[in-house]
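Numbering (the numbering used here), first residue to last: 32 to 157.
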């Protein structure tokens with residue numbers, strides 16, 4: 032178990048470094064207030080996690096350690112949006128339209144609400 036934690040952590044470290052560099056690069060590429068860097072990182076992360084999940088489903092292409100390193104670690108550090116998208120694809124693939132809709136809707140709505148609430152709470156407290 033500890034070995035898998037270290038593997039996920041190493042992947043997370045690399046994913047975070049790549050997210051920082053890629054996001055900065057793309058944001059500085061075009062001067063815009065649109066969060067282009069984050070947008071591109073999220074889309075690329077979704078592509079990566081789709082590729083990694085596809086490879087994992089093919090059988091012996093990825094070892095369990097490499098799968099954890101790439102999906103939980105690297106993609107998790109690169110962008111959690113990719114994990115969100117991957118979980119939604121799995122729900123759709125399994126025919127769980129209700130849970131797909133519930134998960135997507137609640138994640139976006141409650142996530143934005145929680146962010147707003149946290150922001151307002153701090154602003155009013157200080």
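Glycine residues also receive a C-beta, built at the ideal position from the N, C-alpha and C atoms.
- Going by C-alpha positions, residue 132 is about 29 Å away from residue 47.
- For the options 143, 38 and 34, the alpha carbon positioned closest to that of residue 102 is the one of 38.
- A residue is called buried when at least 16 other Cβ atoms come within 10 angstroms of its Cβ; residue 82 does not meet this threshold and is exposed.
- Here the alpha carbon of residue 130 sits roughly 23 Å from the alpha carbon of residue 87.
- For residue 75, the enclosing alpha helix (DSSP H) has its first and last residue at 67 to 88.
- Out of 32, 33 and 40, the CA that lies nearest to the CA of residue 100 is found in 40.
- Scanning 109, 121 and 64 for the CA closest to the CA of residue 84 turns up 121.
- For the pair residue 58 and residue 68, the CB atoms are nearer than the 8 Å cut-off.
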